[in-house]
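Residue numbers (this note's numbering), protein chains in the order written: chain A, 1 to 851; chain B, 1001 to 1597. Glycine included, every Cβ here is placed at the ideal spot set by N, Cα and C. One structure is given here, and the rest of the page talks about it.
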Amino acid sequence: MSAWQAWFVARARRRFAMSRECAQLLPRVCAALADPRQPGSDDTCLEKLLDWLRDLTELEPTLNVVRDNPCLTEFFTSVLALPEPSPSILSFTLRLAGLLAASEDCFQHLQQENLLFRLFGSGGTLNRAVWEDASVRSGWVEGVHSMMHHQPALRFLCNGGGIDVIFTLQGDPSLFVASAASQLLVHMLTLSVESETTTPLSEKDCNWPACAQMIIKHIEDSLQSGCASHINQSLKLLTSLFGSCRATWTEVLWLRIAKQVESFLIEDSVQTRHMLANLLLNMSRSPVFCDTEGSFWALVTSALEHLTPVQAGPLAVGILSLHKCPQDVRIQAMTVLLQPMDCILRAASQPLEYAGLLDESVSDPSTVESLLSSKSSCASLLCQTLAHLEKLLSLIHLPVDLPYTSLLRSFVTILQFCSGLLIPATPLGSKISQILIGCGRVQKSALDALAALSERKGCDTVIGSLFDILLVYLESPNTSPTVLKKSFQAMSKWLARLPEMSCFNSQWPTEKILQDVFLVLQKRLCSPCWEVRDSSLEFLTSLIKSMRDQDEFRESLLSSEVPKLTENLLEDPESYVRASAVTAVGHLTFITYSLPESAVAGNQYNKEDTTAKLQDILSTDPESFPRRAVISIFTKWLKQGCTGQAEDTEQFVSRAIQTVERDLDWEVRIGGLELVEVFCVQALCRVGLPKCPYAPASSTVTSSIQQNESLQIFCRAKLFKFLFWSLCDYDKPVGQKACDILLVLRASLSPSSMLKDCQGAGDLSAGRGIPWLQRTLRQGSLAQNFPTDAGNGVDFEDPESMMLALGTIDLEELHDELNKSSDHVEKSPQSLLEDILATVGTIDENEADCY
Amino acid sequence: MPEIKVTPLGAGQDVGRSCILVSIAGKNVMLDCGMHMGYNDDRRFPDFSYITQNGRLTDFLDCVIISHFHLDHCGALPYFSEMVGYDGPIYMTHPTKAICPILLEDYRKITVDKKGETNFFTSQMIKDCMKKVVAVHLHQTVQVDEELEIKAYYAGHVLGAAMFQIKVGCESVVYTGDYNMTPDRHLGAAWIDKCRPDLLITESTYATTIRDSKRCRERDFLKKVHETVERGGKVLIPVFALGRAQELCILLETFWERMNLKAPIYFSTGLTEKANHYYKLFITWTNQKIRKTFVQRNMFEFKHIKAFDRAFADNPGPMVVFATPGMLHAGQSLQIFRKWAGNEKNMVIMPGYCVQGTVGHKILSGQRKLEMEGRQILEVKMQVEYMSFSAHADAKGIMQLIRQAEPRNVLLVHGEAKKMEFLKQKIEQEFHVSCYMPANGETTTIFTNPSIPVDISLGLLKRETAIGLLPDVKKPKLMHGTLIMKDNSFRLVSPEQALKELGLAEHQLRFTCRVHIQDPRKEHETVLRVYNHLKGVLKDYSVQHLPDGSITVESILIQATAHSEDQGTKVLLVSWTYQDEELGSYLTSLLKKGLPQ
């Protein structure tokens, strides 16, 4: 066991182990739960109790848990004795019993007590009226699933008729129960084959273990039953089996059922076909089938041919993501996804200019054409295909080469159809354009696919029409805010690619497109709709991030009205917009900061003004988003050296932290601490102290002069008050962060060596209040409250006092305290047991109150 | 037969988190997307895997509707849209859209702060989610797509809460969300028109309760606060940022004014302004009294309630503080509680439900020694009071809404199974409609009998009235004509008009039948015998013997020929139009019996 593992186990033991208090509480809890006179405990308590007992059985031998706590078995007996147990208690009982029976020796123990048969067997729960309640059936399935870890459990279920119950529950009216039953059968089949098989398996029954035989027979019977729901249940089961189990025996199983499954391909049931596609997809991912030369891949090819494009889509995209797959299957899968795009291009009457994507001899496009010309199916087929293509295009390692240029053309064409710009004369084209015009769903899918395509090279030739259509979307008043956001995202991604597109630059200069973009952005920044203003600002920030090094971009941006309008939005009534404006303005500063004065002058864009405005937002904005954005931008500025000379930076940081130290939002205060952290690291580096926070200071490198210098900087910037105060913050993450920073400072400034010098000098005034501070912090960090009379003589700006504080206060102890679990009330088992006991009897009125 | 399917993923026989899937006329709608505050792991969200099995979420679901801003109705929305991947339309009212992100953000902050969780939605996700929301007005019919439309109705409960009608063609469902049928201090009562939906999905939190007057609870609350303040104690009222807090603020403000009290009342800083802003913005959503007096005095501009600074908690003397969060599980309210808990003069009033695992839950269940962080024991000596101000319809209110909407079926959600069972029987007895109460994961299927409106041409109507059949609402009757489906509407017109409108030529469809009769006589003699026989039997009909040797009875034509192989057998060819089908069948059976000798 590694040290980490050991640590985790030790921590888990501390947290979940059965303490003396819990051992005393548990019998009372069990008695209360089994008492029908007491109103039931709420379901979350029962769930959490089960969670704890599960954790407990993972830490200690289950049999010990059961023997040490006889109240558990007594609880089962009491519940079984109830004439009408409540469904939630019975469900809990079944789940708990299953959980304990997962260990073989405990299973035997419960068997000896005759509890398992009474709970799970035919004479027990199954015959009670409460079986009608879905939560009881669900508890039964879950209990059986939990115990299913050994052969005795398998035999118990199979010999006692329990397996038939599971077969029935596959068709349960509750989705949850049906799905759990199916999962259970998969688990049992795998367990049976893997634990009970002694000879290599063949297609014949005699080799298979008894339980596996029963399940397989059930699968085969269901597949042959002709009953759609039974067929679906078995297909679902097989899908999940092939998805989770990759053992070689699954191939033998497949050979037994392949013919039957194949026959479904030519049948008409939509639901079965949908299931079939999922099954084949999971199988294609299994290494067991990837090497098969013949029948499996032939079946996949046949499925891709016979299923409708909508049914085959998920299978096709799955196949194309595989790294190992026969080429002809891949082509067939590609055909499924490309055919609708090809149809779109042909419908646009542009066969000469834009060759189709596919060779018509490969496939018959008539089905797709008819789907695209129908109002009910056109948009869904296109949305689905575009989403599949987007998924493929987003893969980092795409195992196939897609025709990127043609895809780009088809996406652009779809967007043209949707915007009403393209109304071809062909019957198909005119039909599609009628259906698609104004269709937001298709627009969004096409824009997503378009954005994903920007990552791929080799589609430069139609770039002109791409920018044209994106501009149309950005400009059009008909574009909805959600479509506009996606248009911005696509535009941003494609603009970032501009520099590498030589052909585009020569035909149509970058400047022109940028001018057009900024023109439309100006308009959108003034939109009455906050969503639009916000998306516009996000777009601007993303553009600056990716293009700020390009001269053309900077010039176009600064010569437009965009910077001014952006700054105006710092006063937007909507806080989200103000926050985005802060971020955008902050990024604009990166551009102006590096420019010579003359280039910025014409823009009336002044950094001091900006800083003052942001500082103002930090101290006065009533909402936290803008304040958080400001402090985050300040940290970015500091990191990138945009805060001026050292003295300016010192003042800048000092001002910022004095503003944020009393901010009501703990995330703003954390932001302030992050600013401090960057500042400290930079200051330490500047004076030559090690910048790695946790590197031990080498005496040959550090000198007391350097340490003094940095200490003075920190004191001047008033960091220490902020840091020590933060140790007692209401919100724990703030205290933890402050403590981390103080530990870094102490490691770098090595106060112990300096303290020796101080003591030598005999200066005692510096130590005034430090013991008080130490005491206060120890109490305060626990109570999360720094005294309001703040100080008691401690001078937080005095370097020597602070050095003394760093050297004498036990920061490690504070660090441990702050990092100690603060969730006793919430997570400790003792707290939970106390709550259950306290709640029993009082819950009724409050429970239903809700919110 | 058309059907409506309802599957609760949450709120099926529980009050944890609402999330209900409705499938109506091929459209799939998710009603609410709530979070369970009682869990800290994935169990807090509905299990969406049952929807993702059906392919892409955005393709499967046509829209998501959020009824109001409480987290058990909208808390999973950012998770659903930004992490699970739903990218379709989301609808809620304007106030809900404005307030929802505040509560989501509040909860996110507490979750990340207190529990240090990282696998939770971020601020950016909340914003991105909200940008996808389409806000709707009350009574505005919103066309989600060509077939699906939705309409919001006022629900009371909290600011912006709405009931939604979902309609596809002539089938409709109404989802109430949480509602309140009695007005309170700041909100009005829920209202819906007699829309007769096929299904009403209603909350049933207080399925078996008849709640006492809210005035009593208010009086009790004021009395307790007043007594504590009078004896120099401090009162802590843990609340969620928006909602009930404002109701209680109005209550205290008015009381302080009336009694001329001087003890300060504080509210977590920032929230008063924000709340004030939203209540001003959405003044039309408040009750009539607030709307009326708004011009003279804005009820939400409080004179006595001031912003709270954390230093105030240490001030001596009495005070009342509203602080967040409402379950005492973190932040400011817990901090103040720890300071004040040890003094028996003080009081904490919990105005809402608390989940297990919170300090609020512990003190409400009577625990007085709490083990806090660092294993410190906090002894609670202050008084603890629970006062429910939650605004749900009680049993009477639910029955009243059913009476108002006149649904054909009712489905109960957001309640406890036992109480639902009682209400279900009551509804079935009183309204004679089917009532369902599916558990989570169970699908209820309701078969609908859609009535399809058809316009009838004036000509046809006149013709019908001419033969004395005046239209009468109470006596449904069958009308004959040609049904034309055009431009998504149906019209019943006379066949002639249909032909004319559609520019079609008339074709006559005739049924024919051959009847063999043994008769050695000549053909014309056989015809004569047939004629005489029919004339004798069908006295009320016009039977004619035509010169060409054929016989007609109304539109029925009978011709006789000798059998080609057997001259002693005559073949009677009987043909008739569909209008005379009955007579035609009768004639053939008559002739098959043979002719009288």
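Under the three-pair Cβ rule at 8 Å, the region 485-496 of chain A counts as touching the region 441-451 of chain A. Between the region 387-403 of chain A and the region 1066-1075 of chain B, the count of C-beta pairs closer than 8 Å stays below three; the two stretches do not touch. Taking a Cβ-Cβ threshold of 7 Å, the residues of chain B close to K485 of chain A are K1131, in chain order. About 17 Å separates the beta carbon of D1394 of chain B from that of I1192 of chain B, a gap too long to meet the 8 Å contact definition. Listed by position along chain A, the residues whose Cβ is nearer than 7 Å to that of D1087 of chain B are K444.
For G1038 of chain B, the nearest CB of chain A lies under 8 Å from its own CB, placing it at the interface with that chain.
If you check the CB distance, V1355 of chain B and M1037 of chain B come in under 8 Å.
Considering only beta carbons, the part of the region 152-180 of chain A lying closer than 8 Å to chain B consists of P173, S174, L175, F176, V177 and S179, in chain order. In terms of beta-carbon proximity, R1043 of chain B lines the interface with chain A, with at least one pair separated by less than 8 Å. By the rule that beta-carbons nearer than 8 Å mark a contact, H1480 of chain B does not touch chain A. Along the region 1043-1060 of chain B, the positions whose C-beta sits under 9 Å from a C-beta of chain A are R1043, D1047, S1049, Y1050, Q1053, N1054, G1055, R1056, T1058 and D1059, read in chain order. Counting along the chain, Y1531 of chain B sits inside the alpha helix (DSSP H) bounded by residues E1523 to V1537.
With the criterion set as a beta carbon lying under 7 Å from some beta carbon of chain B, the members of the region 471-482 of chain A are P481 and T482, in sequence order. Neighbours of T839 of chain A in chain B, taken as residues at a C-beta separation under 7 Å, are given in chain order as S1365. Per DSSP, the continuous alpha helix (DSSP H) segment holding P27 of chain A begins and ends at R20 to L33.
For Q1246 of chain B, the closest Cβ of chain A is not nearer than 8 Å.
The Cβ neighbour count for V1015 of chain B, taken over all protein chains shown within 10 Å, is at least 16; the residue is labelled buried. Annotation: Cβ neighbours of S135 of chain A in chain B (cutoff 8 Å, chain order): A1439. For L304 of chain A, the secondary structure class from DSSP, reduced to helix, strand or coil, is helix. With a threshold of 8 Å between beta carbons, F590 of chain A makes no contact with chain B. For F625 of chain A, the nearest beta carbon of chain B is closer than 8 Å to its own beta carbon. Excluding sequence positions up to five before and after L664 of chain A, its CB lies within less than 8 Å of the CB of S624, all in the same chain and listed in chain order. By the criterion of a C-beta distance shorter than 6 Å, G121 of chain A is surrounded in its chain by G160, once the five residues flanking it on both sides are discounted.
Taken in chain order, the members of the region 20-53 of chain A whose beta-carbon sits within less than 8 Å of a beta-carbon on chain B are D42, D43, T44, C45, E47 and K48. S380, C383, Q384 and A387: these are the residues of the region 374-401 of chain A whose beta carbon lies less than 7 Å from some beta carbon of chain B, given in chain order. DSSP places A1152 of chain B inside the beta strand (DSSP E), whose first and last residues are L1148 to Y1154. Within the region 1273-1315 of chain B, the runs of beta strand (DSSP E) that reach at least 3 residues and sit entirely inside it are, in chain order, 1305-1308. In this structure, the alpha-carbon of K236 of chain A lies about 55 Å from that of C728 of chain A. V1174 of chain B and F1164 of chain B have their alpha carbons spaced roughly 6 Å apart. Per DSSP, the continuous alpha helix (DSSP H) segment holding R627 of chain A begins and ends at S624 to K639. Distances from the CA of S1575 of chain B to each of B:I1556, B:Y1586 and B:T1561 were compared; the closest alpha carbon is that of B:I1556. Contact of E561 of chain A with chain B by beta-carbon distance below 9 Å is absent, the smallest such distance being about 24 Å. Against chain B, the beta carbon of P314 of chain A has neighbours under 7 Å at G1055, listed in chain order. One alpha carbon belongs to H1186 of chain B, the other to K1027 of chain B, and they sit about 36 Å apart. If the five residues before and after S433 of chain A are omitted, its C-beta is found closer than 7 Å to the C-beta atoms of F417, L422, I423 and P424, all from its own chain and listed in chain order. Residue-level contact by beta carbon fails for E800 of chain A and chain B, as no gap is shorter than 8 Å.
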